[in-house]
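Working notes, structure below.
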Amino acid sequence: MTTKLEHLLTTKCALAMHTTTPELGLAISNFAGNTHSQVWNLGRDLSSYIHQYLIDFIKPHIWSDMAFIAVAKGPGGFTGSRIGVVTARTLGQQLEIPVFAVSTLAAVAWAEYISKISPDEQGNIAPLSQDSWVEQIFAVEMQAQRGQIFGAIYQLQSDGLGMTALLPDTVFTPEAWQETLTNWSTDCQLIKATSGLAATVTSILQLADFDWQQGKRPHWSEALPYYGQHPVDL
Numbered sequence: 000m001t002t003k004l005e006h007l008l009t010t011k012c013a014l015a016m017h018t019t020t021p022e023l024g025l026a027i028s029n030f031a032g033n034t035h036s037q038v039w040n041l042g043r044d045l046s047s048y049i050h051q052y053l054i055d056f057i058k059p060h061i062w063s064d065m066a067f068i069a070v071a072k073g074p075g076g077f078t079g080s081r082i083g084v085v086t087a088r089t090l091g092q093q094l095e096i097p098v099f100a101v102s103t104l105a106a107v108a109w110a111e112y113i114s115k116i117s118p119d120e121q122g123n124i125a126p127l128s129q130d131s132w133v134e135q136i137f138a139v140e141m142q143a144q145r146g147q148i149f150g151a152i153y154q155l156q157s158d159g160l161g162m163t164a165l166l167p168d169t170v171f172t173p174e175a176w177q178e179t180l181t182n183w184s185t186d187c188q189l190i191k192a193t194s195g196l197a198a199t200v201t202s203i204l205q206l207a208d209f210d211w212q213q214g215k216r217p218h219w220s221e222a223l224p225y226y227g228q229h230p231v232d233l
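Per numbering that gives the first Met the number 0, the sequence shown runs over residues 0 to 233.
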């Protein structure tokens with residue numbers, strides 16, 4: 000009888016990274032009931048230690064086991080977002096595998112949704128009825144630099160397997176964001192992304208896997224960070 004470890008070792012896996020905050024979030028899964036994630040608060044040491052953490056984290060796997068890489072592209076900290084995307088692109092190029100760059104805000108919206116439902120033992124999510132998914136609209140906001148706000152509005156896809164951006168990630172003044180929410184045509188659940196964002200690395204992985212299952216294979220060069228703002232005030 001095949002053990003869980005043997006099954007994990009003989010199945011193609013995928014890796015996700017979240018570095019848009021001072022925390023490093025990593026997740027690995029074979030999408031057959033074996034998913035592992037961990038978060039470390041590395042602060043300014045992120046750039047110095049990320050490669051060693053990656054090497055240790057994927058064990059007992061090897062890099063050739065990876066089918067794709069997923070990474071949080073931002074918004075978030077400028078340096079952290081850049082480090083994560085550059086690392087993912089390098090891995091994708093060297094391994095010749097797809098790289099999925101996923102919005103930090105989309106991952107927050109997905110994490111909020113997934114916290115309210117119960118996947119099966121394999122982590123699969125049952126499709127929702129039409130009446131259920133129409134109501135799953137999330138407005139996500141996150142504090143940006145210089146008193147501005149990163150904001151986006153996401154809706155659960157009709158099959159319940161992913162998020163669609165009704166309003167892509169954008170930088171707002173607080174007044175403009177509030178006006179956007181007030182004038183939005185449908186009710187939204189407002190989510191304030193304030194802390195613990197690296198823990199949504201599992202959402203980054205799930206959202207990328209949905210695209211993978213649909214046959215999407217983005218080239219590593221397509222993975223770009225989303226900064227939203229210039230790192231210095233010009």
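A virtual CB, placed ideally from N, CA and C, is assigned to each residue, including glycine.
Just so we're clear, the structure is a prediction, and the values are computed from it rather than from any experiment.
C-alpha gap between residue i and residue j, whole angstroms
i	j	result
C187	S102	18 Å
A15	F67	9 Å
G159	N33	21 Å
T19	W219	19 Å
S28	I190	27 Å
Y153	A106	10 Å
D44	I148	27 Å
Q93	A207	19 Å
Opening and closing residue of the alpha helix (DSSP H) in which residue i lies
i	result
L94	77-94
I54	45-57
A151	From DSSP, A151 is part of no alpha helix (DSSP H) but of the beta strand (DSSP E) over 148-155.
Exposure label - residue i; buried when at least 16 CB within 10 Å
i	result
D64	buried
S47	exposed
E178	exposed
E120	Low confidence applies here, because E120 scores a pLDDT of 47, under 50, leaving its location unreliable and the question unanswered by this model.
W62	exposed
S202	buried
T181	exposed
S184	exposed
Secondary structure of residue i, DSSP reduced to three states
i	result
D208	helix
D64	helix
A105	helix
T169	strand
G42	helix
Limits of the unbroken beta strand (DSSP E) element including residue i
i	result
P224	Here P224 belongs to no beta strand (DSSP E), and DSSP marks it neither H nor E.
K191	188-191
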